[in-house]
Amino acid sequence: MPAANNRTNGKSGRNILSLSGGKDSTALAVYMKNRVADVEYVFCDTGEELSETHEYLRRLEAFLGKEITVLNPDRPFKHYLDIYRGVLPDPRTRWCTRMLKIKPFERFVGDDPVVSYIGIRADELHRKGYISTKPNITARYPFIEDNIRKADVFRILEESGLGLPTYYRWRSRSGCYFCFFQQRREWVGLLETNKELFWKAASYERTDPETGEIFTWVQGESLRDLAEEDRVAEIKREYEERILQTSDCLGKNSSLLQVFDDDSPGCLVCHL
């Protein structure tokens with residue numbers, strides 16, 4: 011693995027690394043630990059995160075030997091859901107990312123000159139993007155600069171002793187438990203590992219009494235329908251078929267992380 015040069019931001023200002031609780035941002039924190047001085051680690055907590063995410067961040071905090079600053083939105087998810095009249099966030103609007111992640115981050119940054127380190131890998135240049143348009147924030151992509159790829163990320167996490175978050179056993183992403191970018195197989199994983207959160211997510215789905223428009227997390231299907239026994243079995247069969255189709259390149263023991271990771275357009279600030 012190529013070694014990065016010691017980095018500073020080149021001017022007076024702050025170095026900030028935003029963590030999602032996922033593999034890439036965690037690996038970046040490990041990778042940058044002794045490469046950039048005075049890094050501030052932050053986690054934007056929407057209040058709708060998995061307990062496994064918080065547990066993993068506590069382990070990372072111990073590894074770094076430095077506190078991770080938790081940023082909270084000014085209002086909870088339900089408040090904004092009411093403001094948006096029950097219209098759930100979706101891949102087009104992504105109002106949850108904007109209100110619960112980006113705004114708290116921008117408040118934390120203020121008007122200080124900041125270099126924000128982002129964990130997009132060299133093998134996913136199509137995801138190159140940024141979470142804020144504030145002119146005082148400059149994005150840096152160390153993994154792209156140093157040609158760090160997915161296999162390197164896994165190696166970094168393994169060698170650090172952190173490994174992967176336990177939620178990767180049944181999902182392919184970090185982020186809120188109700189993330190609309192989840193595949194149906196991942197919703198089944200939530201149903202099987204945490205029924206309380208699954209049905210809490212289902213409780214947010216609704217039909218507009220005036221227009222008849224249906225707001226669901228999964229396009230064209232309610233979570234109540236998805237949770238039906240026959241439907242769960244069908245979703246699992248479809249996933250197994252996808253595993254078989256990709257086994258030649260991924261291996262017979264392919265995981266959700268391997269199957270779904272690289273074809274997701276998820277919000278960068280949530281899913282790195």
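Per my numbering, the sequence shown starts with residue 11, numbered consecutively.
Where a beta carbon is used, it is the ideal one built from N, C-alpha and C, also for glycine.
- In the DSSP assignment, Thr221 falls outside any beta strand (DSSP E), carrying neither H nor E.
- The straight-line gap separating the alpha-carbon atoms of Arg159 and Leu27 is approximately 19 Å.
- Excluding five sequence positions before and after Ser170, the CB atoms of its chain that fall closer than 7 Å to its own CB belong to Val40 and Phe73, given in chain order.
- Secondary structure within the segment 58–110: the alpha helix (DSSP H) runs of 4 or more consecutive residues, fully enclosed, are 61–74 and 87–93 (chain order).
- Judged by DSSP in its simplified three-state form, Ser28 adopts strand.
- Secondary structure of Ile130 (DSSP, three-state): coil.
- Only exposed fits Ala243, as fewer than 16 other CB atoms lie within 10 angstroms of its CB.
- For Ile112, there is no enclosing beta strand (DSSP E), as DSSP gives it neither H nor E.
- Spanning the alpha carbons of Val198 and Ala211 requires a straight line of approximately 13 Å.
- Under the three-state reduction of DSSP output, Glu244 falls in the helix class.
- Under the DSSP assignment, Val40 falls in the alpha helix (DSSP H) whose first and last residues are Lys33 to Met42.
- Spatial neighbours of Arg241 in its own chain (CB-CB distance under 7 Å, excluding positions within 5 residues in sequence) are listed in chain order as Asp235.
- Taking a cut-off of 8 Å for Cβ pairs, the segment 185–199 and the segment 52–64 touch, as three or more such pairs fall below it.
- Around the CB of Val279, 16 or more other CB atoms lie within 10 Å, so the residue is classed as buried.
- Between Val52 and Phe118, the C-beta spacing is below 8 Å.
- With fewer than 16 other beta carbons inside 10 angstroms of its own, Ile93 counts as exposed.
- Of the residues assessed, Ile128 falls on the buried side of the cut-off, its CB having 16 or more other CB atoms within 10 angstroms.
- The Cβ neighbour count for Ala161, taken over all protein chains shown within 10 Å, is under 16; the residue is labelled exposed.
- Under the DSSP definition of a beta bridge, Glu50 partners with Ile26.
- Within the same chain, Pro83 and Tyr90 come within 7 Å of Met109 by CB-CB distance, once the 5 residues on both sides are set aside.
- From the listed residues Arg195, Glu250, Gln255 and Leu172, the smallest Cα separation to Lys33 is found for Leu172.
- Leu135 counts as exposed, since fewer than 16 other C-beta atoms from the protein chains shown sit within 10 angstroms of its C-beta.
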